[in-house]
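Structure first, then comments.
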Amino acid sequence: MSAASLRARYLGDAVATSSPQQVLVMLYDRLALDLERAQKAAAAGERESASDQLLHAQDIVLELLSSLQVDAWEGGPRLAALYNWLISELVQANIKLDTNRISACRQVVEPLRDAWRQAAASLAGSPS
């Protein structure tokens, strides 16, 4: 087996055996990484690389939005609106290769990622 196929298998197993909270944190971790990479690529004028990262980030946000149960809690509609804003900003950042828009998205995503990570950790530590 190649190193790439072993890595893919490991990642697949990690996701399959993770709790929903852990999967959410994984998605946010990757979203933040995509935005960081996109910002660096855009700043360097590497349009294709930045676009690839931004498209993947859009895919993640679309997945987060589609899996969000808006009516499950009072913050659901606001989070859905935030996801829609992120999608719009990511599309515009990709069209215009706009590092300021990417930065604005990072300023929203990174604190959310940290909050979800903290919430997942507290759930993991709470008695069943």
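Counting along the sequence shown from 1, when you hit position 110 you're at 1009 in our numbering, and nothing is skipped either side.
Here a beta-carbon is modelled for each residue, glycine too, at the ideal position from N, C-alpha and C.
Just so we're clear, the structure is a prediction, and the values are computed from it rather than from any experiment.
Might you give, ordered along the chain, the residues of its own chain that have their beta carbon closer than 6 Å to the beta carbon of residue i, omitting 5 neighbours on each side?
i           : result
residue 948 : 940
Give the C-beta separation of residue i and residue j to the nearest angstrom, bearing in mind that I take them to be a contact with Cβ-Cβ under 8 Å.
i            : j           : result
residue 1011 : residue 982 : Contact flag wrong, Cβ pair sits at about 10 Å.
residue 956  : residue 978 : Actually they do not touch by this definition, with Cβ atoms about 17 Å apart.
residue 946  : residue 996 : 6 Å
Please list, in chain order, all residues of the same chain as residue i whose beta carbon is under 8 Å from its beta carbon, the five residues on each side excluded.
i            : result
residue 1008 : 927, 930, 931, 934, 985
residue 1019 : 918, 920, 921, 923, 924
residue 1003 : 988
residue 1028 : In the structure displayed, the chain extends from 900 to 1027; residue 1028 sits before or after that span and is not available.
If I measure Cβ to Cβ from residue i and keep anything under 7 Å in the same chain, skipping five residues before and after, which residues do I get?
i            : result
residue 1001 : 934, 937, 938, 941, 992
residue 969  : 975, 976, 979
residue 1017 : none
residue 953  : 937, 989, 992, 993
Just to confirm the assignment, what range does the alpha helix (DSSP H) spanning residue i have?
i           : result
residue 925 : 919-942
Ignoring anything shorter than 4 residues or poking outside the segment 950-1008, list the alpha helix (DSSP H) runs there in chain order. Fully enclosed alpha helix (DSSP H) runs of 4 or longer: 975-995.
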